[in-house]
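One structure is given below, encoded as structure tokens.
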Amino acid sequence: MGQYSKAQEVYEVLLHQITHESDKAHIYHQIGSIKYNQGKYQEALTYYEKAFPSNHLSWAMSYNNIGLVFYEMGDYPKALTSHEKALAVKQQLLPSDHPDLTMSYNNIGLVYYKMGDYPKALSYYEKALAIQQQTLPSNHSDLGVSYNNIGSAYSDMGDYSKALSSHEKALAIKLQSLSSDHSDLAVSYNNIGLEYYNMHDYPKALSHFEKALAIKQQSLPSNHPSLSSTYNNVGLVYENMNNYAEAHSFYEQAVQIGQQSLSINHPDLKMYRKNLEIIQKKL
């Protein structure tokens, strides 16, 4: 945090020393990034809005940054407007398959996803993927991110088989480039487990949740909230397999970790407690 403050002081001194508008725009952009990294999104927004230079591609970057700020603030309609402006600028100046377009397509997809419009989110994720498939190596991590996003959209649309296929593609890419205990693998194993769970294939769901749990146990602190989520997922599978004793054990661990890492009124902790309460009545 101290480094950010010192950097901001330097930039503010420079602002008073320079006269060229394009140089000032660059410094406004840098200060905006500092504020963004500090989580001061409203202040970041103010500086990004000052950073508009005459160069059009720089406009696109500023619109993109403003969109990211609104996204973090949970103002999704304004985030969407900003990202659409960024995309419009890029579409005027760049070829239709330019890699820079993927960022805007993906960001718009993420906003639509947060707004619950999964078909539109999917449409933009697929546009990003199409460009990535033309411009990136087949094992590039960005492709894995896109497959993961597409899988999440399909899942929320209830198309679990397509969701599973996308998450498996994401996992295959990650396995080529990451160590076997990397936390990103746990995300994919968990996503695949959820799809098998949604498809009522509980043995396969259990297998993948256990893989996710093993990685998280190695790579995360013992009270990390992500662990409680996976313990809860394993408990759900055991409950649906009518193994109530095992389900109780995992729900109990989910609650114990949740109590250490989540606020007392956190919806996830409430869910873990409810699951534990229900399973206790089944024992």
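Using the working numbering, you'd call the opening residue of the sequence shown number 3 and step up by one each time.
The beta-carbon is built from N, C-alpha and C at its ideal position, and this holds for glycine as well.
The C-beta distance from Ile133 to His169 rounds to 21 Å, too long to meet the 8 Å contact threshold.
Distances from the CA of Ser98 to each of Glu248, Thr137, Ile33 were compared; the closest alpha carbon is that of Thr137. Considered as a whole, the stretch 68–152 harbours 78–95, 102–116, 120–137 as its complete alpha helix (DSSP H) runs of no fewer than 4 residues, in chain order. With respect to the C-alpha of Ile152, the residue from Asn267, Tyr78, Lys171, Ala249 having the closest C-alpha is Lys171. A distance below 6 Å between beta-carbons, with the five flanking residues on each side excluded, links Asn67 to the following residues of its chain, in chain order: Tyr50. Counting along the chain, Lys42 sits inside no alpha helix (DSSP H), nor does DSSP assign it H or E at all.
For Ala249 and Asn141, the gap between their C-alpha atoms comes out near 37 Å. In the DSSP annotation of this structure, the continuous segment of the alpha helix (DSSP H) that includes Asp270 starts and ends at 269–284.
Leu196 and Ala207 have their C-alpha atoms some 7 Å from each other. Of the candidates Lys122, Asp186, Asn277, Asn277 places its Cα closest to the Cα of Phe252. The continuous alpha helix (DSSP H) containing Asn193 extends over residues 185–200. The C-alpha of His31 lies about 8 Å from the C-alpha of Lys52. Gln262 is classed as exposed because its beta carbon has fewer than 16 other beta carbons within 10 Å across all chains shown. In chain order, Ile259 place their CB closer than 8 Å to the CB of Ser224, counting only its own chain and leaving out the 5 sequence neighbours on each side.
Within the same chain, Cβ atoms closer than 8 Å to the Cβ of Met273 are found at Asn234, the five residues on either side in sequence being excluded. Comparing C-alpha distances from Ser231 to each of His202, Asp270, Asn242 shows the shortest one belongs to Asp270. If you draw a straight line from the Cα of Gly76 to the Cα of Leu285, it comes to about 42 Å. Between Asn108 and Tyr120, the CB-CB gap reaches or exceeds 8 Å.
In this chain, the alpha helix (DSSP H) harbouring Asn234 covers 227–242. Counting along the chain, no alpha helix (DSSP H) covers Ala53, and no H or E run does either.
Fewer than three beta-carbon pairs drawn from the stretch 149–167 and the stretch 177–184 are found closer than 8 Å, and the two stretches are therefore not classed as touching. Judged by beta-carbon spacing, His210 lies within the 8 Å limit of Tyr191, meaning their Cβ atoms are closer than that value.
Per DSSP, reduced to three states, the secondary structure at Asn245 is coil, with no helix or strand assignment.
By the Cβ-count criterion, Val236 is buried, with 16 or more other Cβ atoms from all chains shown falling within 10 Å of its own Cβ.
DSSP places Asp158 within a helical segment (H, G or I) once states are collapsed to three.
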